[in-house]
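Here's the structure we're looking at; comments come further down.
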Amino acid sequence: MCELQLQPLSQFLKHLFMDNAFIVLHLLFCLLSAQAVSNVSFALSVPLSLPDSASPSLYVFGASMVDNGENAVAMPLRQYADFEPYGSDYFGKPTGRWSNGRNFMDFITQGLGIGLLSPYLQSIGSDFTYGVNFASSGSTARNTTASGSDSGGLFCLLVQIEQFRKFQDLVVSRQKSKLRKQRMRQHFANSIYFIETAHNDYVSVAFHSEDFDAVSFTETVIAAIRDALQALYDSGARTFIVMNLTPLGCDPGTATNEYRNENRDEYGCKLDYLELAIMHNERLVELLNEFNANYSSAQWIIFDAYSIMLDAYHNPSNYGVKYPFQACCGYGGGKYNCNSDVICGQSVKFANGTYAVAKKCQDPSLHIIWDITHPTESFSEYLARGVLDGTYLSPSINLREKFSISMSGAKQ
Numbered sequence: 212m213c214e215l216q217l218q219p220l221s222q223f224l225k226h227l228f229m230d231n232a233f234i235v236l237h238l239l240f241c242l243l244s245a246q247a248v249s250n251v252s253f254a255l256s257v258p259l260s261l262p263d264s265a266s267p268s269l270y271v272f273g274a275s276m277v278d279n280g281e282n283a284v285a286m287p288l289r290q291y292a293d294f295e296p297y298g299s300d301y302f303g304k305p306t307g308r309w310s311n312g313r314n315f316m317d318f319i320t321q322g323l324g325i326g327l328l329s330p331y332l333q334s335i336g337s338d339f340t341y342g343v344n345f346a347s348s349g350s351t352a353r354n355t356t357a358s359g360s361d362s363g364g365l366f367c368l369l370v371q372i373e374q375f376r377k378f379q380d381l382v383v384s385r386q387k388s389k390l391r392k393q394r395m396r397q398h399f400a401n402s403i404y405f406i407e408t409a410h411n412d413y414v415s416v417a418f419h420s421e422d423f424d425a426v427s428f429t430e431t432v433i434a435a436i437r438d439a440l441q442a443l444y445d446s447g448a449r450t451f452i453v454m455n456l457t458p459l460g461c462d463p464g465t466a467t468n469e470y471r472n473e474n475r476d477e478y479g480c481k482l483d484y485l486e487l488a489i490m491h492n493e494r495l496v497e498l499l500n501e502f503n504a505n506y507s508s509a510q511w512i513i514f515d516a517y518s519i520m521l522d523a524y525h526n527p528s529n530y531g532v533k534y535p536f537q538a539c540c541g542y543g544g545g546k547y548n549c550n551s552d553v554i555c556g557q558s559v560k561f562a563n564g565t566y567a568v569a570k571k572c573q574d575p576s577l578h579i580i581w582d583i584t585h586p587t588e589s590f591s592e593y594l595a596r597g598v599l600d601g602t603y604l605s606p607s608i609n610l611r612e613k614f615s616i617s618m619s620g621a622k623q
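Following the numbering used here, the numbering of the sequence shown begins with 212 at its first residue and continues without gaps.
What follows is the structure, encoded as structure tokens:
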């Protein structure tokens, strides 16, 4: 199965910590989880551009589809996205984004005219004027994180929200008068809160054992999202955009794993995974309806990324795509070009002595998927349009109008 894994710093470190790798990584994670919440104190102690109480901001939570470099700052050179060819087609270098360039959140913020959001832990050169990106690649909605060689997700959703609350408290405390503090609290109420989560919860567990209970597990994930939304609401958030699950079972990572291979649709997508995504998405709608009934003064919005991606898999030519199910950067060729042992940009020596390299394709725009499950930069723009145009938001809102910033003044 294609999964996010740690990339060793060097062969030397690999041998140095070989016997105690799990202990070392576990300690690092515990330290990072505790320290990451307080690190913003240091970040805010250096000159930064902080929110303007007169303007809304965008606060982003989630995993690798929207991570702008949080993990890369926290633990440099520990994930595949920290190496070439990630980032090559826009930034000219890896930035910690799981894309050949920008991810769809970058397109959203550029479309709003607010430039690229800085990751929360980036203390040098950050611009928090129009928002902060707290997303951590590999993270889960549940209060858990992979360990050992799979500990790509450093900060689960609730940890990210605790980081936000610390940031919020410090920003408000910097205001010199009661009126300014009140205005800054209103700023947080007027801002947008975007959440992309749960993909890693499912792909790391679903169907891995015969006793996997899809209904029970979905309820566990939904309960974790409920806790996260409640925590944000209690912190003053009032406009929520929650992204649903994309079509599990169609992307190269899940399509080529060892689970539930016998039950596929006419396109080759695994039906059990698709049904799981549909179940989650239906429960997510119900959850937001519950919140709307209890807190009707707030806005509870679903971003239907599932429908955009499923339509692209079924009608690729409408998106300029020629290879809808094939990873642009992978190994193995064929329909999926995905091998669980050879991740994008990496060279692997097999037992027979031969080498394999997962190379970037010639034209990423002809693909939906960049590596294992993450969209290419070109397809990410289609996802962003669904948010910016409001066509895949339910209920629909006009984000550009809310931010009141003309496209002509957009930062690049």
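In this text, a Cβ means the ideal position worked out from N, Cα and C, and glycines have one as well. The structure presented is a predicted model; accordingly, all values stated were derived computationally and were not measured.
Give me the Cα-Cα distance between Ile335 and Tyr506, rounded to the nearest whole angstrom.
By one-based count along the sequence shown, residue 335 stands at place 124. By one-based count along the sequence shown, residue 506 stands at place 295. Cα to Cα, the separation comes out at about 38 Å.
Leu604 (DSSP reduced to helix, strand or coil):
Here residue 604 refers to the residue found at position 393 when the sequence shown is read from its first residue. Looking at Leu604 - three-state DSSP - the assignment turns out to be strand.
In chain order, what residues of the same chain lie with their CB nearer than 7 Å to the CB of Ser517, ignoring the 5 residues before and after it?
On the sequence shown, position 306 is the one that residue 517 refers to. According to the sequence provided, residue 517 is Tyr. The question's Ser does not apply to it. So the list reads Asn455, Leu456, Thr457, Pro458, Ala488 and Asn492, once near-sequence residues are dropped.
Taking the beta carbon of Gln537 as the centre, do at least 16 other beta carbons fall within 10 Å, making it buried, or is it exposed?
Here residue 537 corresponds to residue number 326 of the sequence shown, with the count starting at 1. With 16 or more other Cβ atoms within 10 Å, it is buried.
Contact set for Gly597: own chain, Cβ-Cβ below 6 Å, skip 5 residues either direction:
The residue labelled residue 597 in the question sits at position 386 within the sequence shown. Ile519 and Tyr603.
When burial is assigned at 16 or more other CB atoms within 10 Å of the CB, is Ala409 buried or exposed?
In the sequence shown, counting from the first residue as 1, residue 409 sits at position 198. So Ala409 counts as buried.
Do Ile513 and Ser605 come within 9 Å of each other at the CB atom, strictly closer than that value?
If you number the sequence shown from 1, residue 605 lands on position 394. If you number the sequence shown from 1, residue 513 lands on position 302. Going by C-beta atoms, Ser605 is nearer than 9 Å to Ile513.
Which term fits Val426, buried or exposed, when burial requires 16 or more other beta carbons within 10 angstroms of its beta carbon?
Taking the first residue of the sequence shown as position 1, residue 426 is located at position 215. Val426 comes out exposed.
So Lys377 is in the alpha helix (DSSP H); what residue range does that whole segment cover?
Within the sequence shown, the letter at position 166 stands for residue 377. Boundaries of the alpha helix (DSSP H) harbouring Lys377: Leu368 to Ser384, taken from the DSSP string.
Just to check my reading of the structure: Tyr404 and Thr351 have Cβ atoms closer than 8 Å, yes? What is that Cβ distance to the nearest angstrom?
Along the sequence shown, read from residue 1 onward, the residue named residue 404 stands at position 193. Along the sequence shown, read from residue 1 onward, the residue named residue 351 stands at position 140. Not a contact, Cβ separation roughly 18 Å.
Assuming Leu332 and Val284 make a contact with CB atoms under 8 Å, what is their CB distance in whole Å?
The residue given as residue 332 occupies position 121 in the sequence shown. The residue given as residue 284 occupies position 73 in the sequence shown. Indeed, because the Cβ distance is near 4 Å, the residues count as touching under 8 Å.
Straight-line Cα distance separating Cys549 from Asn503
Sequence index remark: in the sequence shown, residue 503 carries index 292 (1-based). Sequence index remark: in the sequence shown, residue 549 carries index 338 (1-based). In a straight line, the C-alpha of Asn503 is about 41 Å away from that of Cys549.
Any alpha helix (DSSP H) of 4 or more consecutive residues that is wholly inside the segment 381-423
Qualifying alpha helix (DSSP H) stretches, in chain order: 389-401 and 410-414.
Span of the beta strand (DSSP E) around Val271
Along the sequence shown, one-based indexing puts residue 271 at 60. Its beta strand (DSSP E) spans residues Leu269 to Gly273.
Going by DSSP, which residues form a beta bridge with Ala567?
Within the sequence shown, numbered from 1, the residue matching residue 567 stands at position 356. Per DSSP, Val559.
Whole-angstrom distance between Tyr534 and Lys546, CA atom to CA atom
For the purposes of this step, residue 546 is taken as residue 335 along the sequence shown, with counting starting at 1. For the purposes of this step, residue 534 is taken as residue 323 along the sequence shown, with counting starting at 1. Between the C-alpha atoms of Lys546 and Tyr534 there is a straight-line separation of about 8 Å.
For the segment 288-344, list the beta strand (DSSP E) runs that are entirely contained and at least 3 residues long, ordered along the chain.
342-344
Excluding the five sequence neighbours on either side, which residues of its own chain have a C-beta within less than 7 Å of the C-beta of Ala621, listed in chain order?
Looking up residue 621 in the sequence shown gives position 410. Low confidence applies here, because Ala621 scores a pLDDT of 40, under 50, leaving its location unreliable; read the following figure in that light. For Ala621, the CB contacts under 7 Å within the same chain, skipping 5 residues up- and downstream, are Gln321 and Gly324 in chain order.
Figure out for me which residue from Leu369, Glu469 and Ala417 has the closest Cα to the Cα of Tyr444.
In the sequence shown, residue 444 corresponds to position 233, counting from 1. Of the listed residues, the one whose Cα sits closest to Tyr444 is Leu369.
Quick check on the burial criterion: 16 or more other C-beta atoms within 10 angstroms. Buried or exposed for Ala435?
Translated into the one-based positions of the sequence shown, residue 435 becomes position 224. So Ala435 ends up on the buried side.
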